[in-house]
């Protein structure tokens, strides 16, 4: 007869425990960092959040809206930005749970934790083009398309974007 003790002694404990894990889904039951972990094309951004210590903040109750750049978009950002730590990464995080319709209802503007704005500057309703702007200023710098919007999280929303959004230098 196989008992729990003999199963664990035989090394089957990990197999038994792994069968109990719930896979992360995009239905609003899992926090932002877990949802980012299901998106292989944003792994560099997720690693940067961890290095900057923002993973703990994004594991909290929030809510937050995160504009997560793809690995290709992240690589195109300046080294200064990529190495800018939490201050730079707050350019890509907003307070609140903002789906695309919520952003449209705000006139296409979102205030980020860093104080800059993200504004819709074109594209389509399903794949808007967004650009950063200094508070009270016109959009400037690189723009990017939202390539996968509205990934639901227990503590917010993730929008996967094709680039890093930073306003042009003043």
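In our numbering, the protein residues as written are 3 to 172. For each residue, glycine too, the CB sits at the ideal point set by N, CA and C. This one's a predicted model, so the numbers in the text were calculated from it and none came from an experiment.
- One or two residues paired with residue 133 in a DSSP bridge: In the chain shown, the residue the question calls residue 133 occupies position 131. Looking at the DSSP assignment, residue 133 forms a beta bridge with 121 and 145.
- For residue 101, which of helix, strand or coil comes out of DSSP? The residue you call residue 101 lines up with position 99 of the chain shown. Coil.
- Cα separation between residue 161 and residue 73? Here residue 161 refers to the residue found at position 159 of the chain shown. Here residue 73 refers to the residue found at position 71 of the chain shown. Answer to the nearest angstrom: the Cα atoms are 14 Å apart.
- Query: In the DSSP assignment, what residue or residues form a beta bridge with residue 34?
  - Reply: To locate residue 34, count along the chain shown from 1; it is residue 32. DSSP output for residue 34 lists no bridge partner at all.
- Message: Just list the residues that DSSP pairs residue 158 with in beta bridges.
- Response: Numbered from its first residue, the chain shown carries residue 158 at position 156. BP columns for residue 158 point to 66 and 155.
- Is the Cβ-Cβ distance between residue 157 and residue 66 less than 8 Å? Counted from its first residue, the chain shown places residue 157 at position 155. Counted from its first residue, the chain shown places residue 66 at position 64. Yes. Within cutoff.
- Query: Out of curiosity, what's the CA-to-CA distance linking residue 20 and residue 26?
  - Reply: Counted from its first residue, the chain shown places residue 20 at position 18. Counted from its first residue, the chain shown places residue 26 at position 24. Model confidence at residue 20 stands at a pLDDT of 49, short of 50, so the residue's coordinates are unreliable; what they give is reported in the following sentence. Between the C-alpha atoms of residue 20 and residue 26 there is a straight-line separation of about 13 Å.
- Where residue 10 falls, given that 16 or more other Cβ within 10 Å makes a residue buried: Locating residue 10 in the chain shown gives position 8, where the first residue counts as 1. The predicted position of residue 10 is uncertain, since its pLDDT is 47 and thus under 50; a value taken from the coordinates is nonetheless stated next. Exposed: under 16 other Cβ atoms inside 10 Å.
- Query: What distance in whole Å lies between the Cβ atoms of residue 154 and residue 36, which are believed to be in contact at a cut-off of 8 Å?
  - Reply: Position 34 of the chain shown, counting from 1, holds the residue named residue 36. Position 152 of the chain shown, counting from 1, holds the residue named residue 154. With a beta-carbon spacing of about 12 Å, residue 36 and residue 154 fall beyond the 8 Å limit used to define contacts.
- Terminal residues of the continuous beta strand (DSSP E) containing residue 113? Within the chain shown, residue 113 is the residue found at index 111, counting from 1. Run containing residue 113: 111-113, per the beta strand (DSSP E) assignment.
- Query: Does the beta-carbon distance from residue 150 to residue 132 come in below 8 Å?
  - Reply: Indexing the chain shown from 1 puts residue 150 at position 148. Indexing the chain shown from 1 puts residue 132 at position 130. Contact check for residue 150 against residue 132 fails: the beta carbons are separated by 8 Å or more.
- Per-residue burial, residue 17 [other beta carbons within 10 Å of its own, 16 or more giving buried]: Residue mapping note: residue 17 aligns to position 15 of the chain shown, counting from 1. At residue 17, the pLDDT of 46 sits below 50, so the modelled position is not reliable and the matter cannot be decided from this model.
- Message: Can you look up residue 127 in the DSSP assignment and give me helix, strand or coil?
- Response: Position 125 of the chain shown, counted from the first residue, corresponds to residue 127. Coil, per DSSP.
- Item | Stretch pair the segment 79-91 + the segment 50-66: three plus CB contacts closer than 8 Å | Yes, since at least three Cβ pairs between the segment 79-91 and the segment 50-66 fall closer than 8 Å, the two stretches touch.
- Item | Contacts around residue 43, its chain only, beta-carbon distance under 8 Å, and the 5 residues preceding and following it disregarded | Locating residue 43 in the chain shown gives position 41, where the first residue counts as 1. Excluding residues within five positions, the ones whose Cβ falls inside 8 Å are 72, 73, 74 and 162.
- Whole-angstrom distance between residue 56 and residue 96, CA atom to CA atom: Locating residue 96 in the chain shown gives position 94, where the first residue counts as 1. Locating residue 56 in the chain shown gives position 54, where the first residue counts as 1. Answer to the nearest angstrom: the Cα atoms are 13 Å apart.
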